[in-house]
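Note sheet for the following structure.
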Amino acid sequence: MAEPWNVVDTGLLGAAENMAWDRALLEAREAGEIGNTLRFLRFKPCALVGCHQSLEQELDLDYCAAQGIQVQRRITGGGAICFDPGQLGWELFLSRNALGTPDMGEIARRVCEAAAAGIRRLGVDARFRPRNDIEVGGRKISGTGGSFEGRALMYQGTLLLDFEVEQMLRVLRIPAEKLRDKAIASARERVASLKELLGEAPPVEEAKAALTGAFGQAFGVAFASAALPETVVGRYREALKEIDCPEWVNLVQKPVSDAPLLEGVAKFPGGLLRLAAAYDRRTRHLKQVWFAGDFFASPARLVNDLEARLKNITLAEAEVAIRQFLSGYPADALSLSADEVIGVLRRTVGEADGLL
Amino acid sequence: MANVNGCELPDDLYYNVEDNVWARRETDGTLVVGMTSYACSLSGQIVAFTPKKAGKVVERGRSLSTVESGKWVGPVKAPVGGEIVAVNEVLFDDPGIINADPYGEGWLIRLKPGDWEGESGNLVSGGDIVPAFEAKMNEDGFGGC
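These protein sequence lines are chains C and S, in that order.
So for the first sequence, this note's numbering puts the first residue at 205; every next one is plus one.
So for the second sequence, this note's numbering puts the first residue at 89; every next one is plus one.
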């Protein structure tokens, strides 16, 4: 059997401390100071943006400041999320050849499938959904992402033991007024916690054991628990100095005006369609789209599933995605046509581009 | 133009094979740096690019920039130490250019090397490019671009 992998738990920490451990452990793995390592972590209330996002475009910073919610930047990519002690973070620090493939997509898939198997041990039917989510019945229960450094990599995810959707949406910038309720309802239907699914959240130790067991089985390794070497603690202190600092937190700054929340509305024979879109004017990408109105759609999750398809894509890609989605979806009924949905989206985005 | 496992590797460039970066020496002594087609193939479509700022001095092997693809983030490392004199700002709005034209419009950073003569010895060029990348791809178990 291969050498055992280490498992550590850094406990409940602030955002900067957790980000500093990410960097320190990744550097230490690259330097060969530690072997392959599984880390568990939890967060004090905080909001984290992806490595290349700007705080001001993604977060309601006034609300965060008023509520004492820490804001930080991850060393991994993806979107903004918020944490509190109700989520369990898991992270693997591995040599890049540990899983026997150099393909980053394949590495992500293998780790996510193992994590999904771990979550299934807790009593829910968790499955990996490409590219990066683990879901139960179409609802996200663990978001994931990775970072690499030389010959080492870190792949991380978050397991929602308990989760407050409303709190997350207060922290993030989302559409106002008429679509706000829709955005909240939509997020609630797209996200699930173990507490919601099982009636109560499993104890943290049980969730850790389930994930550890599943990673061990998937990768054919045993886990042992050993203290981190002093050199790694030194790296952590150095990393914390750099990360707990405005230069890092504000590394990417983009004006809010480049990321407007657009709204569009149109009346059709099949009903009123209202939409909101978070749009990046610089890259001309739709970050997210929400639909509401009094049109008829069955099953009800059709609209949520369509919204899930329309993330981080250009308008042209969205048009293709809407057509493909609606022609392939097992819909019982929808009182709007693809042309009508596309028409409203095109007009809404077109008006925003005209303001450039 | 050299080609290894379907990955183009222009033979007039210098490469750090381990870090998968290329460098082109300009007549004014500055160095244009980018990702190899092999690096682009491993990472997939690049969706974000955040370089260190112009004026920053970066040591050899330290990160000049981070790039994001899917949800992976990784550094692009300096092939030699030097001062960043320019970044390719076109990539901010369209980082996919890195994949589309990694040796042309998709360049990342222009560096003023601190000690080109002293540090360029670890870069491969000319006839050494193909065997070096063949060995690297074999070691990685890479199937091809």
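Beta carbons: idealized from backbone N, C-alpha and C, even for Gly.
Asked	Found
N- and C-terminal bounds of the alpha helix (DSSP H) containing SER429(C)	Segment: none, SER429(C) is in no alpha helix (DSSP H) and carries neither H nor E.
Own chain partners of SER230(C) with C-beta closer than 7 Å, once the 5 adjacent residues on each side are dropped	According to the sequence provided, residue 230(C) is Leu. The question's Ser does not apply to it. Here the set comprises PHE297, SER351, GLU353, ALA356 and MET358.
Residues within the region 126-139 of chain S neighbouring chain C, beta-carbon criterion of under 8 Å	LEU130, SER131, GLY132, VAL135, ALA136, PHE137 and THR138
Supposed contact pair SER397(C) and PHE367(C) - C-beta distance, whole angstroms, cut 8 Å	4 Å
DSSP three-state assignment for ASN210(C), whether helix, strand or coil	strand
Exposure label - LEU415(C); buried when at least 16 CB within 10 Å	buried
Within 9 Å, strictly: CB atoms of GLY232(S) and GLY143(S)	no
MET209(S) to ALA512(C) span [Cα, whole Å]	It is worth fixing the name first, because residue 209(S) is Gly in this sequence and not Met. Taking the straight line from one Cα to the other gives about 50 Å.
Cα-Cα separation between GLY184(S) and TRP225(C), rounded to whole angstroms	31 Å
Contained alpha helix (DSSP H) runs [length at least 4] in the region 192-231 of chain S, N- to C-terminal order	204-207 and 217-228
Opposing strand residues paired with ASN91(S) [DSSP bridges]	GLU96(S)
Backbone secondary structure at LEU245(C) - three-state DSSP	strand
Three-state secondary structure assigned by DSSP to PHE352(C)	strand
CB contact check: SER213(S) to chain B, cutoff 9 Å	Checking the listed chains, one finds no chain B in this structure; the protein chains it contains are C and S.
One or two residues paired with VAL469(C) in a DSSP bridge	ARG478(C)
Cβ neighbour criterion (16 or more within 10 Å) applied to GLN276(C)	buried
8 Å contact criterion, which ALA90(S) and ASN108(S) should meet: CB distance rounded	The pair is not a contact, with the Cβ atoms about 15 Å apart (cut-off 8 Å).
Beta-carbon gap between GLU556(C) and TYR483(C) smaller than 9 Å	Note that residue 556(C) is Ala in the sequence shown here, rather than Glu. Yes; because the gap between Cβ atoms is below 9 Å, this pair is in contact.
For SER157(S) and SER131(S), believed in contact at Cβ under 8 Å, the rounded distance	4 Å
Where GLU471(C) falls, given that 16 or more other Cβ within 10 Å makes a residue buried	Per the sequence presented here, residue 471(C) reads as Lys, with Glu not at that position. Exposed, because fewer than 16 other Cβ atoms sit within 10 Å of the Cβ of LYS471(C).
Sheet register partners of TRP225(C) (DSSP bridge)	The partner list for TRP225(C) (beta bridge, DSSP) is empty, contrary to what the question assumes.
Where GLU124(S) sits in the DSSP three-state scheme	Note that residue 124(S) corresponds to Thr in the displayed sequence, not to Glu. Note: THR124(S) maps to coil in three-state DSSP.
Proximal residues of chain C, C-beta to C-beta of PHE230(S) below 7 Å	PRO306
ALA422(C) vs ALA318(C) beta-carbon contact at 9 Å	yes
Contact set between the region 288-313 of chain C and chain S, restricted to residues whose Cβ is under 9 Å from the partner	ARG300, ASN301, GLY304, THR305, PRO306, ASP307, MET308, GLY309, ILE311 and ALA312
Residue of PHE495(C), ILE311(C), GLY281(C) and ILE273(C) minimising C-alpha distance to ILE526(C)	PHE495(C)
Distance, PRO406(C) Cα to LEU326(C) Cα	8 Å
Residues from the region 216-227 of chain C in contact with chain S, defined by Cβ distance under 9 Å	none
Distance between ILE546(C) and ASP100(S) (C-alpha atoms, nearest Å)	48 Å
THR552(C) classed as buried or exposed, judged by whether at least 16 other C-beta atoms fall within 10 angstroms	buried
Pick from SER429(C), ALA387(C), THR348(C) and GLY424(C) that is closest to ARG478(C), judged by C-alpha positions	ALA387(C)
Cut-off 6 Å between Cβ atoms - residues of its own chain near GLU501(C), not counting five sequence neighbours on either side	Reading off the sequence, residue 501(C) comes out as Ala, not Glu. Counting only Cβ-Cβ distances below 6 Å, and skipping sequence neighbours, we find VAL507 and LEU538.
CB contact flag (GLY349(C), THR280(C), <9 Å)	yes
Stretch-stretch touch, CB-based, cutoff 8 Å, three pairs: the region 188-199 of chain S with the region 101-120 of chain S	yes
Residue from PRO163(S), VAL145(S) and ARG150(S) whose Cα sits closest to the Cα of PHE137(S)	PRO163(S)
Members of the region 266-286 of chain C near chain S, C-beta cut-off 8 Å	ILE279, THR280, GLY281 and GLY282
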